[in-house]
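What follows is a single structure, written as structure tokens, with notes after it.
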Amino acid sequence: MGCREVVKIENLNFSWDNSVLSLEDVFLTIHDCEMVCIVGPNGGGKTTLLYLMLGLIKPNSGTVKILNEFPDKARRRIGYMPQYLKLDLQFPVNVMDVVLMGRLRHGFWGRYSRADREIAERVLDEMSIAELARRPFAELSGGQRQRVLIARALACEPEILLLDEPTANIDPGFQEQFYEKLRELRKRMSVVIVSHDIGFVSSEIDTVVCVNRHVAVHKSSEMTPEAISDIYGHRIKMIDHQHDLTPQHLKQHHKLHHIGERDD
Amino acid sequence: MIDFFSSLNSPALSFLKYAFLIGIFGSVSFGIIGTYIVTKRIASIAGAVSHCILAGIGAAIFFRQQFGLAWLHPIYGSVVAALLSAIIIGLVSMYTKQREDTVIGAIWAVGMATGLLFLAGTTGYVDIDAYLFGNILLVSRDDFIMTLVLNLIVIVPSLLFFNNFMAVCFDEQFAELRGLRTKLTYMSLLCMVALTVVLMVSVIGIILVLALLTLPAAVAGHFTKRLWPMMVLSAILCAIFTTGGLTMSYHANLPSAPLIAALAGAAYLMTIIVFAVIRRIKQRSNNLKTVSK
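Sequences listed follow chains A and B, in order. Using this note's numbering, read the first sequence as starting at 141 and increasing by one per residue. Using this note's numbering, read the second sequence as starting at 46 and increasing by one per residue.
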């Protein structure tokens, strides 16, 4: 394939406390022509992997390269959307203030130019929240906040878009629109999504990266119930979602897959 | 009232004029930095820093007496002690695994103890109360000039780097990822907190200063949900509280610092109550609407 390598992780080991390895013997290559979803159980190392890619933490051994550079050099080329629950929601900022943070400069000096404001307005428009620009961040719904944070990541004009749990609070009405948006964005930049929600592994995703101390890469077409239960290490119920259904039809259209027998 | 204004110009009461000027000019820094203290939730750091100032004052008076250093004004000691304690707290919270609140408590108490020991070692009478609770009778032109200088050192960077400070306070991780030197920014903020605390020590003292740092911003936070209007509003409120307290103290012949702090506290309490009542009324009218439907 004529695709550029955006993430290249080789031989990586990481431990938070120098005793138990959180990530072991990781090899991972992500190309810019694929849309990647990182899945795995809570505590399995998804966020750790994300922080390593952002250069917020350093591996105990092995290397991480982003766009052929070390992460702390390349991080300005990444648009990162954190989970909003980590933010202090009482902090007095409005939506525009938050999105403009995507335009922060290198170093210590910080004024926003006219161009910065235009970009901020454009990404707000792109996430269809232009009318919220003057609203306090604290007064938004969970889904609206999530969209603001995606807009902020886009305001960085990134080459890689890194979204941590983007569907966690998206309102159902926006979900379809969000997939649509992703289809559009992936033409401009590579998109990496972190999700604990396997349901997200939808038709949009080309590659699924499964993280549970070890990392395994699957083409999403290869994802079978057996493969998923291998990763999660226990038997799970899986619900096959089909979108654009009205609530009354939802029940009938949900297919319930039981993987093996339940333990109890 | 006319009597009051004429005394502002009377040379015998020049301390009153300077106390007012310090209150009004200092309010600009207090509004800006107080807003950061309230929104970033670092009131306890500001408290520790302000109490450490006593160590600086004590050391300055002690060394001035012991070594005959006539130039060593207590305010120099205050500035050094405040900056030092802010830097120590900042470094501890960034680089060590100590519990931050324990360290803050330790610095708070030990700073004060150091000051008291230095003052105990000084021969002759030292009016500790003047430093603890402020004494406008001692306010001079020098204090006013010092206030102006410190004011500039605080205001200029907070205007120039406003966006950076806001980003670091709101989402430090994201700011770091955008290439901002977040540790340097946060440390500068703590140093600006330290200088702001020193700024009005002569008027309100080191113990009651916390009221004037947090309460105006806390009141302002009820009226606006954006950072810079909150700063403007808390600066105005801070100026109202200091001038109001000083005026009341002149008329009632009561100490000014407690009056200023009490005034700020009363305003805060009133704001909370009024907003709670408004919320209750709104809720009730909403309930009525749903019932009538």
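All C-beta atoms, glycine included, are put in the ideal place defined by N, C-alpha and C.
Can you tell me which of the three DSSP states B:Asn209 falls into? helix
Coarse secondary structure for A:Ile399, derived from DSSP in three states: Low per-residue confidence applies at A:Ile399: pLDDT is 35, beneath 50, and the placement is therefore not dependable enough to give any value.
B:Gln218: contacting residues in chain A (beta-carbon distance under 8 angstroms): Leu196, Pro222 and Lys226
Measure the alpha-carbon distance for A:Pro276 versus A:Glu266 and round it to whole angstroms. 19 angstroms
For A:Glu164, collect the residues of the same chain with a Cβ closer than 8 angstroms to its Cβ; drop the 5 residues on either side in sequence, then sort them by chain order. Asn153, Arg353 and His354
With a Cβ-Cβ cutoff of 8 angstroms, do A:Ala273 and A:Met221 count as a contact? no
DSSP three-state label for A:Asp346, please. coil
Please work out which residues of its chain come closer than 7 angstroms, Cβ to Cβ, to B:Ile102, disregarding the five sequence neighbours upstream and downstream, and give them in chain order. Pro119, Gly122, Ser123, Gly160 and Tyr176
DSSP-derived helix/strand/coil call for B:Ser233: helix
Which residue's Cα is closest to the Cα of B:His96: B:Leu299, B:Ile152, B:Ile106 and B:Val184? B:Ile152
Unbroken beta strand (DSSP E) run spanning A:Gly202, endpoints: Ser201 to Ile206
Alpha carbon of A:Leu192 to alpha carbon of A:Val179, nearest angstrom: 16 angstroms
Tell me which residues share the same chain as B:Leu162 and place their Cβ nearer than 6 angstroms to its Cβ, disregarding the 5 neighbours each side in the sequence. none
Which residues, in order along the segment 134–158 of chain B, keep a beta-carbon less than 7 angstroms from a beta-carbon of chain A? none
Report, in whole angstroms, the separation of the C-beta atoms of B:Ala280 and B:Gly76, which I expect to be a contact under 8 angstroms. 3 angstroms
Can the beta-carbon of A:Val332 be found closer than 8 angstroms to that of A:Lys186? no
So, is the C-beta of A:Arg334 closer than 8 angstroms to a C-beta in chain B? The sequence as given places Val at residue 334 of chain A; Arg does not occur at that position. It does not; no Cβ of chain B falls within 8 angstroms.
Answer with yes or no whether the minimum CB distance from B:Leu272 to chain A is below 8 angstroms. yes
Could you please tell me which residues of the segment 265–298 of chain B, in chain order, have their CB closer than 8 angstroms to any CB of chain A? Gly266, Thr269, Lys270, Arg271, Leu272 and Met275
What residue does the beta strand (DSSP E) around A:Gly219 start on, and which one ends it? Ile218 to Met221
Contact set between A:Leu244 and chain B, taken where Cβ atoms lie within less than 8 angstroms: Asn208, Asn209, Ala212, Ala220, Arg223, Gly224 and Leu225
If you check the beta carbons only, do B:Ile69 and B:Ala284 fall under 8 angstroms apart? yes
Is B:Gly160 near the ligand GDP - that is, is its Cβ less than 7 angstroms away from at least one heavy atom of it? Among the components of this structure there are no ligands whatsoever, and the ligand GDP is therefore not found.
Please decide whether A:Phe248 counts as near chain B, where near means a Cβ-Cβ distance under 8 angstroms. Since pLDDT at A:Phe248 reaches only 49, below the 50 mark, its modelled position is unreliable, and no value is offered.
8 angstroms Cβ cutoff met for B:Gly135 and B:Met232: yes
So A:Glu305 is in the beta strand (DSSP E); what residue range does that whole segment cover? Here A:Glu305 belongs to no beta strand (DSSP E), and DSSP marks it neither H nor E.
A:Leu280 in three-state terms, based on DSSP: coil
Residue environment, B:Asn208, which counts as buried when at least 16 other CB atoms sit within 10 Å: buried
Which word fits B:Phe215, buried or exposed, when buried means at least 16 other C-beta atoms lie within 10 angstroms of its C-beta? buried
Under 8 angstroms Cβ to Cβ from B:Thr288, same chain only, skipping five residues before and after it: list those, please. Phe65, Gly68 and Ile69
Quick one: residues in its chain with C-beta nearer than 7 angstroms to the C-beta of B:Ser72, no 5 flanking neighbours on either side, listed in chain order? Ala280, Cys283, Ala284 and Thr287
Which chain A residues sit within Cβ distance under 7 angstroms of B:Thr84? Phe231 and Pro232
If you count every other CB in all the chains shown that lies within 10 Å of the CB of A:Val160, and 16 or more means buried, which is it? exposed
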